[in-house]
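Residues in the sequence shown are numbered from 118 upward in steps of one, following the numbering used here.
Don't be surprised by glycine CBs; every beta carbon is placed ideally from N, CA and C.
Remember, it's a predicted structure, so these values are computed and weren't measured experimentally.
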Amino acid sequence: MSTAYYALFHLAARNCADTLIGSSKAGRSRHAWAEVYRALAHGAAKAACGDRAVIARFPPPIVAFADAFVELQAKRHMADYDPYAVFEKSAVSVHIDVAERVMRNFATAPAKDRCAFASWLLFRNPIRR
Numbered sequence: 118m119s120t121a122y123y124a125l126f127h128l129a130a131r132n133c134a135d136t137l138i139g140s141s142k143a144g145r146s147r148h149a150w151a152e153v154y155r156a157l158a159h160g161a162a163k164a165a166c167g168d169r170a171v172i173a174r175f176p177p178p179i180v181a182f183a184d185a186f187v188e189l190q191a192k193r194h195m196a197d198y199d200p201y202a203v204f205e206k207s208a209v210s211v212h213i214d215v216a217e218r219v220m221r222n223f224a225t226a227p228a229k230d231r232c233a234f235a236s237w238l239l240f241r242n243p244i245r246r
């Protein structure tokens, strides 16, 4: 479960850094890119992804990513912190497949929407909806 969730988390962090600092290694500050990458917080990202009123305004690939992010973070917490949690191999495979699919589809969202999503994840202000 952790692997599926962290794949989504690191894609979100990379998207934030790539869209705000730049995706070309030659044209960006390595330090600035790493700072933005590390700025994404798990709890804040979950809250932002779970804010249905805002997420619903994004295109379907981002909505699906946000939904999977919330679900897989909950599953990861269960797997990592509940000593009685048991996951069938088939269920874990399904979650890995979901993570792979939403990651592939996320890349098809328009760049302007991926940038807006990065901004929402990092600078979320519920007062400004």
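- Message: Considering only the alpha carbon of each residue, which of A158, A149, A121 and S210 lies closest to L239?
- Response: Counting from one through the sequence shown, the residue named residue 239 turns up at place 122. When only C-alpha atoms are compared, the closest one is A158.
- Item | C-beta atoms of A185 and V211 nearer than 7 Å | Along the sequence shown, one-based indexing puts residue 185 at 68. Along the sequence shown, one-based indexing puts residue 211 at 94. Not a contact, by the Cβ cut-off of 7 Å.
- Between the CA atoms of K163 and M195 - distance to the nearest angstrom: Within the sequence shown, the letter at position 78 stands for residue 195. Within the sequence shown, the letter at position 46 stands for residue 163. So the two alpha carbons sit approximately 15 Å from each other.
- Message: Cutting at 6 Å between CB atoms, please list the residues of its own chain near Q190, excluding the five before and the five after it.
- Response: Residue mapping note: residue 190 aligns to position 73 of the sequence shown, counting from 1. Result list for Q190: Y122 and K163, in chain order.
- Task: Compute the distance between the beta-carbons of A129 and R241, then report whether it is under 7 Å.
- Result: On the sequence shown, residue 129 is found 12 positions in, with the first residue counted as 1. On the sequence shown, residue 241 is found 124 positions in, with the first residue counted as 1. Not closer than 7 Å, so no.
- Task: Count the other CB atoms, across all protein chains shown, that sit within 10 Å of the CB of D135; report buried if there are 16 or more and exposed otherwise.
- Result: Taking the sequence shown and counting its residues from 1, one reaches residue 135 at position 18. It counts as buried.
- In angstroms with no decimal places, state the Cα-to-Cα distance between A228 and D214. For the purposes of this step, residue 228 is taken as residue 111 along the sequence shown, with counting starting at 1. For the purposes of this step, residue 214 is taken as residue 97 along the sequence shown, with counting starting at 1. Each residue's alpha carbon lies about 24 Å from the other.
- Message: Going residue by residue through the region 147-201, where are the continuous alpha helix (DSSP H) segments of at least 4 residues, counting only ones entirely within it?
- Response: Every unbroken stretch of the alpha helix (DSSP H) spanning 4 or more residues and falling wholly within the region 147-201 is given here in chain order: 147-156, 159-166, 169-172 and 177-198.
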